[in-house]
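**Student:**
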Amino acid sequence: VFVPVFKYTETKTFLFLEELIVVGFATFVKVFQQLIPYLGITFWIIGASAIFVLVFGGLISLTYFTNWVGWKFLYNGFVSLMRATPVLLLLMLVFYGMPFLSQLVGIDISWWAKTSFAILAIGLENSAYFAENLCSAYASVPQSQYDACTSLHFSRFNAVRRILGPQIFVAALPNIGNTLITIVKNSAYVYVIGITDLYEQAQIIAQASFGKNQVIVFIALSLIYWIICIAIQALFAQLERRRAWSGGAQ
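This is the structure:
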């Protein structure tokens, strides 16, 4: 008597799971298609922030080569402040604080795009870490290389550009990749200042379904971020494989 019931229940459960998978996959594809258009704003914030970090972080890291106490004090203060400030808080401080401070000196920056404040905040936060990573890369270069530059009467600029720079770049490659991945993750916080990026659009889609598709939405979102990070990891893995020290082996 119980065998037919068991078979019926098993078949019904299987059909239910199959339908659930099909519906879930269809919803996933739909959500993915709704998120893709917002990749542009996210890529813009990531790319511009990365350029800011590479330039500004690289400049302030040159503190390693100076003996001026005042500059080192400012550098250490900046790094300490950025390390102690969560990126979410820094975004709000930059977005609300900068227009207020600029008005005190008679400058109006209220016309700035919200993405400008986001790029500045994320850039400042990650520049501190990147500069410290570069200082470690500077320290990894053998002292003999610095001595050689001195004996050849190279200026500090030419020494870094022609001799030390390529070696420093090779030593810093892993940290540059890690910094870019951190910037990708930091970009998800820009919703707090009203930017509709990838993360904010995912929240809008999840709320529109009254939480019904919330899990599927955030799985799709995490997959997109994962693909971006995998691409960065693959790029830097390739660069590390192809790197070669000037005058030395890989």
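Going from the sequence shown to my numbering is simple: count from 1 and add 491.
Ideal Cβ placement from N, Cα and C applies to all residues, glycine included.
Whether or not the segment 610-618 and the segment 567-584 are in contact is what I'm after, with contact meaning three or more pairs of Cβ atoms, one per stretch, closer than 8 Å; do they touch?
**Tutor:** Yes, the segment 567-584 is in contact with the segment 610-618.
**Student:** Between the C-alpha atoms of phenylalanine 516 and alanine 711, what's the straight-line distance to the nearest angstrom?
**Tutor:** Counted from its first residue, the sequence shown places residue 516 at position 25. Counted from its first residue, the sequence shown places residue 711 at position 220. Rounded to whole angstroms, phenylalanine 516 to alanine 711 spans 11 Å at the Cα level.
**Student:** Give the straight-line distance between the Cα atoms of isoleucine 551 and glycine 568, rounded to the nearest whole angstrom.
**Tutor:** Counted from its first residue, the sequence shown places residue 551 at position 60. Counted from its first residue, the sequence shown places residue 568 at position 77. Near 12 Å, if we compare the C-alpha coordinates of glycine 568 and isoleucine 551.
**Student:** Report the option in Ile659, Tyr587 and Gln694 whose CA atom is closest to the CA atom of alanine 622.
**Tutor:** Translated into the one-based positions of the sequence shown, residue 622 becomes position 131. With distances taken between Cα atoms, alanine 622 lies closest to Ile659.
**Student:** Would you report the Cα separation of glycine 656 and asparagine 649, rounded to the nearest angstrom?
**Tutor:** For the purposes of this step, residue 656 is taken as the residue at position 165 of the sequence shown. For the purposes of this step, residue 649 is taken as the residue at position 158 of the sequence shown. Approximately 9 Å between the Cα atoms of the pair.
**Student:** What is the residue span of the alpha helix (DSSP H) that lysine 605 lies within?
**Tutor:** Within the sequence shown, numbered from 1, the residue matching residue 605 stands at position 114. Taken as a continuous stretch (DSSP letters only), the alpha helix (DSSP H) holding lysine 605 covers 605-631.
**Student:** I'd like to check one pair, isoleucine 532 with alanine 609: are the Cβ atoms closer than 7 Å?
**Tutor:** The count along the sequence shown starts at 1 and reaches residue 609 at position 118. The count along the sequence shown starts at 1 and reaches residue 532 at position 41. Taking 7 Å as the Cβ cut-off, alanine 609 and isoleucine 532 do not qualify as a contacting pair.
**Student:** Are tyrosine 555 and cysteine 626 closer than 7 Å when you measure CB to CB?
**Tutor:** Looking up residue 555 in the sequence shown gives position 64. Looking up residue 626 in the sequence shown gives position 135. Closer than 7 Å, so yes.
**Student:** Measuring alpha carbon to alpha carbon, tell me which of Leu595, Gln729 and Ala679 ends up nearest leucine 530.
**Tutor:** In the sequence shown, residue 530 corresponds to position 39, counting from 1. Answer by Cα proximity: Ala679.
**Student:** Got a sec? Which residues, its chain only, sit under 8 Å from leucine 476 by beta carbon, not counting five neighbours each side?
**Tutor:** Summary: the structure shown does not reach residue 476, with the chain confined to residues 492 through 741, and so no result is reported for it.
**Student:** Distance check for glycine 597 and serine 607, CA to CA, integer angstroms please.
**Tutor:** Sequence index remark: in the sequence shown, residue 607 carries index 116 (1-based). Sequence index remark: in the sequence shown, residue 597 carries index 106 (1-based). Between serine 607 and glycine 597, the C-alpha separation is close to 20 Å.
**Student:** Please report the straight-line C-alpha distance between leucine 730 and leucine 664, rounded to a whole angstrom.
**Tutor:** What you label residue 730 is simply residue 239 of the sequence shown in a count that begins at 1. What you label residue 664 is simply residue 173 of the sequence shown in a count that begins at 1. Distance between the alpha carbons of leucine 730 and leucine 664: 8 Å.
**Student:** Under the three-state reduction of DSSP, which class applies to serine 601: helix, strand or coil?
**Tutor:** Position 110 of the sequence shown, counted from the start, is the residue given in the question as residue 601. Coil.
**Student:** How about glycine 685 and phenylalanine 727: do their beta carbons lie closer than 7 Å?
**Tutor:** By one-based count along the sequence shown, residue 685 stands at place 194. By one-based count along the sequence shown, residue 727 stands at place 236. For glycine 685 and phenylalanine 727, no; Cβs fall outside 7 Å.
**Student:** Tell me the DSSP secondary structure of threonine 576 in three-state form.
**Tutor:** Residue numbering aside, residue 576 sits at position 85 when the sequence shown is read from its first letter. Residue state, collapsed to three classes: coil.
**Student:** So, valine 522 versus isoleucine 696, is the Cβ gap smaller than 7 Å?
**Tutor:** Locating residue 522 in the sequence shown gives position 31, where the first residue counts as 1. Locating residue 696 in the sequence shown gives position 205, where the first residue counts as 1. Closer than 7 Å, so yes.
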